[in-house]
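Peer 1: Quick note: the sequence shown uses the working numbering, first residue 556, plus one each step.
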Amino acid sequence: MTQGPHFLQIPGPSPVPERIQRAIDHQVIDHRGPQFQKLGHEVLEGIKPLFGTTQPVIIYPASGTGAWEAAIVNTLSAGDRVLMAETGQFATLWQKLATRWGVAVDFIPGDWRHGVDAATIAAKLAEDKAHAIKAVMVVHNETSTGCLSDIAAVRKAMGDHPALLMVDTISGLGSAPVHHDAWGADVTVSGSQKGLMLPPGLSFTAVSEKALAATKTATLPRSYWDWQEMVQFNAKGFFPYTPASTLLYGLKEAIAMLNEEGLENVFARHQRLAEACRAAVRGWGLEITCLDPKVYSPILTGVMMPAGHDADNFRKVALEHFNISYGAGLGKLAGKAFRIGHLGDCNELTLMAALCATEMTLKLAGVPHKAGGVAAAMDSFTQDGKKLRLSA
Ligand SMILES: Cc1ncc(COP(=O)(O)O)c(C=O)c1O
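This is the structure:
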């Protein structure tokens with residue numbers, strides 16, 4: 556077994572900083588008592604600025620998939636039509652989930668290398684004179700490809716159409732700006748194990764008034780996921796059932812850490828790391844999965860393997876030799892791409908270590924590449940003899 560830390564370089568779960576680990580290491584408390592009520596209020600209020608909202612944010616003890624399902628069962632009825640965009644594996648999984656609930660999904664095809672095409676959404680909604688489409692559901696940061704879609708453009712494309720806008724920013728929150736209110740989003744879902752630097756186990760859902768109102772007419776069955784009950788309890792700082800109190804202590808610490816750094820600085824740090832990572836990939840002469848520079852993700856970089864070379868073998872060699880985990884290629888990209896996460900508790904040196912491991916593994920695994928990716932990343936941090944700041 557290799558000594559020293561494991562490099563968890565997947566795009567979530569991301570490494571949990573010690574401060575958060577210590578905060579979670581807390582005795583369980585009475586979830587109907589005043590100590591919990593204070594914590595409940597603190598985290599339910601504290602999470603709102605991360606979403607750019609003053610509206611309710613629901614916290615489930617669930618992975619992101621739970622929040623996906625909750626978004627559907629609270630707002631839709633069987634047979635409802637929705638519009639989704641095939642940006643990658645996560646859009647595909649959300650579409651499958653909706654289909655299983657009897658929702659009729661118009662899934663705009665995509666090549667898994669671009670973001671959401673707002674013009675196609677505009678065209679589809681313009682055709683829908685009867686307003687049969689009840690929701691537009693898009694993935695903000697497509698974790699399988701490394702494309703960060705322009706949600707404001709999607710909202711603009713919707714014009715006056717009354718469909719709900721539902722956004723998956725499960726891997727975007729806490730790493731890239733999220734503007735639930737300014738976007739005019741109705742449902743924005745996220746998870747704990749990415750930019751919030753927490754272990755998996757919590758999901759978050761910002762809900763607009765319009766989305767809450769939709770629960771009154773939506774007829775899909777729901778009980779555990781019912782937003783109305785949750786919002787009523789949350790208003791008093793409580794939950795309708797036993798909350799994950801120790802993870803909520805971690806959440807309080809995560810919010811404090813993000814605020815201490817300043818959200819703008821957090822986002823700038825992610826951008827700089829992402830730029831350095833892309834400089835390395837270009838330096839190696841490899842292809843970045845995302846083909847549109849306007850939507851490069853600050854959270855992860857997908858790397859395409861040269862034809863005839865297996866990305867899973869590359870990851871295996873890297874793990875065996877350097878104790879590092881990269882994200883696997885998912886779905887259509889299985890074996891064809893791997894993903895380097897640069898999100899959450901990371902900085903120049905954690906990224907440089909990962910990029911060194913990548914360059915060494917390219918050699919060991921016999922993947923054709925040019926030398927100099929690591930040097931290009933270092934240069935991107937130190938242009939003109941000055942260290943570029945990671946903050947805003
Ligand atoms: C964009 C996106 N959506 C949804 C999910 C599913 O979330 P979970 O695995 O927490 O259920 C993920 C997980 O990685 C994701 O990255």
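Ideal Cβ positions, reconstructed from N, Cα and C, are used throughout, including at glycine.
Remember, predicted model here, so these are calculated numbers, not experimental data.
1. Going by beta carbon distance, what residues of the same chain come within less than 6 Å of Gly899, once the five residues before and after it are set aside?
2. Cα-Cα, which of Phe562, Asn629 and Val922 is closest to Thr774?
3. Let me check you understand the geometry: is the CB of Pro853 closer than 7 Å to at least one non-hydrogen atom of ligand 1?
4. Let me check you understand the geometry: is the CB of Thr609 closer than 7 Å to at least one non-hydrogen atom of ligand 1?
5. According to DSSP, Asn696 sits in a beta bridge with which residue or residues?
6. May I ask which residues mark the beginning and end of the beta strand (DSSP E) holding Asp736?
7. List, from N- to C-terminal side, the alpha helix (DSSP H) runs of 4 residues or more that fit wholly inside the segment 825-901.
8. Could you tell me if the beta carbon of Ser726 falls within a distance shorter than 7 Å of some heavy atom in ligand 1?
9. In chain order, which alpha helix (DSSP H) runs of at least 4 residues are fully inside the segment 558-630?
10. Among Trp656, Arg870 and Gln748, whose alpha-carbon lies nearest the alpha-carbon of Pro776?
11. Measure the CB-CB distance between Val524 and Gly739 and report whether it falls below 8 Å.
12. Buried or exposed: Lys771, going by 16 or more other Cβ atoms within 10 Å of its Cβ?
13. I want to check one thing, is the minimum distance from the CB of Pro754 to the heavy atoms of ligand 1 below 7 Å?
14. Ordered along the chain, which non-local residues of its own chain (more than five positions away) have a Cβ less than 6 Å from that of Asp867?
15. Ordered along the chain, which non-local residues of its own chain (more than five positions away) have a Cβ less than 6 Å from that of Ile565?
16. Ile688 and Leu638: beta carbons closer than 8 Å?
17. Going straight from the alpha carbon of Asp781 to that of Met721, what length do you get?
18. Do Ser745 and Leu719 count as a contact pair if the criterion is CB distance below 8 Å?
19. Say whether the segment 840-850 touches the segment 694-705, bearing in mind that this needs 3 or more beta-carbon pairs closer than 8 Å, one atom from each stretch.
20. In this structure, does DSSP put Met713 in helix, strand or coil?
21. With a threshold of 7 Å (Cβ to nearest heavy atom), would Asp723 be considered close to ligand 1?
22. Considering only heavy atoms of ligand 1, does any lie closer than 7 Å to the CB of Phe645?
23. Would you check whether ligand 1 has a heavy atom nearer than 7 Å to the C-beta of Asn696?
24. Give the DSSP bridge partners of Gly729, in chain order.
25. At a cut of 8 Å, does the segment 667-685 reach the segment 635-652 through at least three beta carbon pairs?
26. Do you know how far the Cα of Leu885 is from the Cα of Glu764?
Peer 2: According to the structure data:
1. Beyond the five residues adjoining it in sequence on each side, Gly899 comes within less than 6 Å, by CB distance, of Ser569, Gly750 and Met752 in the same chain, given in chain order.
2. The option with the nearest alpha carbon to Thr774 is Asn629.
3. Checking the Cβ of Pro853 against ligand 1 gives no.
4. With a cutoff of 7 Å, Thr609 does not count as near ligand 1, since its C-beta is closer than that to no heavy atom of the ligand.
5. Asn696 is bridged by DSSP to Leu703.
6. Boundaries for Asp736: no beta strand (DSSP E) harbours it, while the alpha helix (DSSP H) harbouring it runs His735 to Trp738, taken from the DSSP string.
7. Runs found: 866-877.
8. A heavy atom of ligand 1 is found nearer than 7 Å to the CB of Ser726.
9. 573-579, 589-601, 603-606 and 619-630, all fully within the segment 558-630.
10. Between Pro776 and the set Trp656, Arg870 and Gln748, the nearest pair of CA atoms involves Trp656.
11. This structure does not reach residue 524, given that the chain is present from 556 up to 947, and the question cannot be answered.
12. With fewer than 16 other Cβ atoms within 10 Å, it is exposed.
13. Residue side-chain check: Pro754 keeps its Cβ at 7 Å or more from all non-hydrogen atoms of ligand 1.
14. Once the five neighbours on either side are set aside, the close Cβ partners of Asp867 are Gly890.
15. Closer than 6 Å at Cβ, skipping near neighbours: Ser880, Gly882 and Gly896.
16. Taking 8 Å as the Cβ cut-off, Ile688 and Leu638 qualify as a contacting pair.
17. The alpha-carbon separation between Asp781 and Met721 amounts to approximately 17 Å.
18. Not closer than 8 Å, so no.
19. Yes, they touch.
20. Met713 carries a helical assignment under DSSP once its states are collapsed to helix, strand and coil.
21. Taking 7 Å as the cut-off, one finds at least one heavy atom of ligand 1 near enough to the beta carbon of Asp723.
22. At least one heavy atom of ligand 1 is nearer than 7 Å to the Cβ of Phe645, so yes.
23. The answer is yes for Asn696.
24. In the DSSP output, where bridge partners are listed per residue, Gly729 has none listed.
25. Put simply, the segment 667-685 touches the segment 635-652. At least three CB pairs are less than 8 Å apart.
26. Those two C-alpha atoms are separated by around 35 Å.
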